[in-house]
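For reference, the structure discussed in these notes is given below.
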Amino acid sequence: MDKVWVIAKREFLVTVTRKSYIFAVVGMPLLFGGIFGISFLTSGTLEQSIRSGSEPMAVVDRSHTLDFELAGSIEPVREPSAAATEILQNAAGSRPSGIVPYTDMTRAIQDLKAGRLSAVYLIESDYMSTGQIVAYSPERGMFSDLTPPDRSRLYNLIRASLVKGRIDDETRERVLAPAKLKQMKISKHGDVESASDAFQKAARFFGPFSMFLLLTMSIFFSSGYLLQGIAEEKQNRVIEVIWASVDPMELLAGKIIGLGAAGLLQVAFYAGMLFLPAVAVFALFQVSVTGLVLSLVYYLLGYLLFAGLMAGTGILGNSPQESGQLSAFWTLLSMIPMFLLAPITEAPNSWMARGLSWFPLTAPVTMLLRITSGQIPWVDVGISIVVLVVSIYLAVRGAAIMFRAAALMYGKRPGFGEILRWLKEA
Amino acid sequence: MVLSSPAIALHSVRKSFRTVVAVDEASFDVQRGEILGLLGPNGAGKTTLLRLIMDIFRPDSGTIQVFGRHLLKEDKNRIGYLPEERGLYTRQKVQSVIEYLVQLKGVPRSQARTNAFQWLERLDMLKVKERRVQELSKGNQQKIQFIATVAAEPEILLLDEPFSGLDPVNARVLIEVIQGLAASGKTIVLSTHQMNLVESLCRRVFMIHHGRQVLYGDLEQIQREYSAKALFVRSNADYADCPFIEHTTANGRGTQILLKDNKQPRDLLSWLVEKGADVQSFECARTPLEDIFIKIVRQ
């Protein structure tokens, strides 16, 4: 056991002082920061977009359907966000409605070209029978081009004009704004509660989801270090020297502990940087204690499984690059739940999600994801843990067999048949 | 453990890799405190034998005993193994690499540090202890590998080509160190192609060729047996015409002659007389190990 600790200690120290590790530890938060920064900057662009959208729009009404006097009292059907409302109000300034009647289509198009209008709508004289309206707007981008700006304001004005004098004010209000929706939900305990505001809802998802993302990344970072370390030791032939002192299982155990600790340190560092006080993690991000404990359990099991697989694969290659290529098979399989992120988070107890939880290679990531998405049956927890424990035993044992068979094999890479033969003979 | 048992004993050991038989029915022992020369051409199976002793490979059949028993995990601490290919963490500092490898032999960290320091000093390598391994010359890396092997003070040393990459001065230093280790009671298996070093260091040799044992025993005895066919002659004869000679090696003082197996010195003497050669000296010579080696390999 002493040797295991000697190896673990060295692996930990060598890894945490590696440039690639330091880059990953410091670089990842910077990357996240960068993404948030870009989002923030793009929100400025959005503001610009909203501002430009709140430029007045012109309506050339050849059908004489619209009563432009009503334009000032029109509100969009959907409530804008507080920020958007403020921007709209500021941008709109003295033009609360933002709908300007034009009689001359040519002039309207000229003003649109000059950027004085956000859009021009042409309501043809046969509108009442055909319902056809032609919208003109400047080219902005693929998605914004699909929907002409301020469409809802125009529609509201049309509705208001059509019902004017035909129904009472209250009914008119409901026609224009059928609902001011207040959302309620039934909790897991059967209580009726008001749905959280958008921020809390987002936090409820993003808190556990961030934890899932960090733990998943850490699993692959740590097992990746293990793969690289073993491939390097084989390449520089030090593995034979080590083997003269320890057996493959001791070597594997030491490496797995040392590199797992380096991975945990990485997660702790991220957690410390991103979510600082633990209180905030529980209170703000709504991570339950059970969820947290289960996440750590699956992190540990996932790491042990992939450490075993990476070690067994790492020893087969002749260089870190070759070993990396070989291990891509495991990585790709394990990332299947990431590609199915939306269906799993939306229905964490679907048969697909459950099936992926029972398959060892996809179980860690799927279970980490399901934990973030809702309550999962304990039977799934039990099955996946049993499946993972058995798989870890087989993976580590298989890695030890690979070590004995392939650690000193240089030049020719063993074929699949040969690997199977080693496993059978062991 | 039986104290009088050999340090290492192999009996009918066989190891194959798929269709290739690397070691076939090898049997030998190494007594405590002796240096056994392990000889053989490239690919003969020497490294495989050493790996079998270290339990890096497992034999297909036969038995291997170390310290009088099948090798146990803890026994590895008592064996130092210097592989033919250097195996060091090239990007790390010399002292930390030695300390780590010594610690893996079960030596506590502080002791490992002290031992590493003493051996670096002994082999005049203290000046490089803070340098990265990759910055050292091939010869100095070999010395570091040797230090990492002996600094744990193992009772048995398996040295596979320890003089590889060393200049004559450093090779001489290492020879003296190995002699000193043997004198202090260490058991050493020395695998090398440098026959002159085997002659000066080993009392017994084991030679393997195509995985099979071809020579085993006391070196002097072996050389005596082969010397019955070895002569040192000073004459003006042209030996190219002589049908009794296996091969000749000429130097400034005369010609070293190795006779064919079925020929005797008197056959050569008769031939020289018959040819009317001017013979200044005719004496039996001790056959160099290298000649024995070449003769066996060519057979």
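Protein chains in written order, with the working numbering: chain A, 20 to 445; chain B, 17 to 315. Every residue gets a Cβ at the ideal spot worked out from N, C-alpha and C, and that includes glycine.
The alpha-carbon of residue 89 of chain B is positioned some 47 Å away from that of residue 371 of chain A. As DSSP reads the structure, residue 118 of chain A sits in a beta bridge with A:76. Between the alpha carbons of residue 349 of chain A and residue 380 of chain A lies a distance of about 7 Å. Neighbours of residue 227 of chain B in chain A, taken as residues whose beta carbon is under 7 Å from its own, are absent, since the nearest beta carbon is some 17 Å off.
A Cβ of chain A is located within less than 7 Å of the beta carbon of residue 103 of chain B.
Scanning A:246, A:25 and A:250 for the CA closest to the CA of residue 338 of chain A turns up A:250. Contact residues of the region 264-284 of chain B toward chain A are absent (C-beta to C-beta distance below 7 Å).
The shortest CA-to-CA distance from residue 335 of chain A to any of A:435, A:411 and A:392 is the one to A:435. Within chain B, 116 have C-beta atoms less than 8 Å from the C-beta of residue 29 of chain A, given in sequence order. Under a criterion of Cβ atoms nearer than 8 Å, the residues of chain A adjacent to residue 106 of chain B are, in order, 255. Here the alpha carbons of residue 162 of chain B and residue 424 of chain A stand approximately 26 Å from one another. Taking 8 Å as the upper bound for CB-CB distance, residue 270 of chain B and residue 250 of chain B are in contact here, some 4 Å apart.
Taken through DSSP and simplified to helix, strand or coil, residue 276 of chain B comes out as coil. DSSP lists B:247 as the beta-bridge partner residues of residue 300 of chain B. When Cβ-Cβ separations below 7 Å define contact, residue 39 of chain A makes no contact with chain B. Per DSSP, residue 163 of chain B is one residue of the alpha helix (DSSP H) stretching across 154-166.
Our two residues, residue 235 of chain B and residue 138 of chain B, have alpha carbons roughly 31 Å apart in a direct line. Judged by pairs of C-beta atoms under 8 Å, the region 24-35 of chain B does not touch the region 179-193 of chain B, as fewer than three such pairs exist.
For residue 116 of chain B, the secondary structure class from DSSP, reduced to helix, strand or coil, is helix. Beta-bridge annotation (DSSP): residue 229 of chain B is paired with B:224. The way I'd put it, the region 259-276 of chain A does touch the region 101-119 of chain B; three or more beta-carbon pairs between them come closer than 8 Å. Between residue 80 of chain B and the set B:210, B:45 and B:108, the nearest pair of CA atoms involves B:45. For the region 52-82 of chain B, the beta-carbon criterion of a distance under 7 Å to any beta-carbon of chain A is satisfied by 70 and 72. Residue 415 of chain A is outside the set of residues whose beta carbon lies under 7 Å from a beta carbon in chain B. Note that the C-beta distance between residue 280 of chain A and residue 31 of chain A is below 7 Å.
Listed in chain order, the non-local C-beta contacts of residue 376 of chain A below 7 Å within the same chain comprise 382, 385, 386, 389, 399 and 403, local neighbours out to five positions each way being set aside. Within 7 Å of the CB of residue 119 of chain B, the CB atoms of chain A belong to 25, in sequence order along the chain. Chain A places a beta carbon closer than 7 Å to that of residue 97 of chain B, counting this residue as a contact.
By the Cβ neighbour-count rule, residue 149 of chain A is exposed, with fewer than 16 other Cβ atoms within 10 Å of its own. At a cut-off of 7 Å, the C-beta of residue 109 of chain B has no neighbouring C-beta in chain A. Contact with chain A is found for residue 92 of chain B, since one of that chain's Cβ atoms lies less than 7 Å from the residue's Cβ. Under the three-state reduction of DSSP output, residue 67 of chain B falls in the helix class. Membership of residue 215 of chain B in the alpha helix (DSSP H) is indicated by the continuous run 211-217.
Sequence-ordered contacts of the region 254-284 of chain A with chain B read 255, 256, 257, 258, 259, 260, 261, 262, 263, 264, 265, 266 and 269 [C-beta pairs closer than 9 Å]. Taking 7 Å as the cut-off, the beta carbon of residue 60 of chain B is found no closer than this to the beta carbon of residue 118 of chain B. An exposed status is given to residue 123 of chain A, since fewer than 16 other beta-carbon atoms sit within 10 Å of its beta-carbon.
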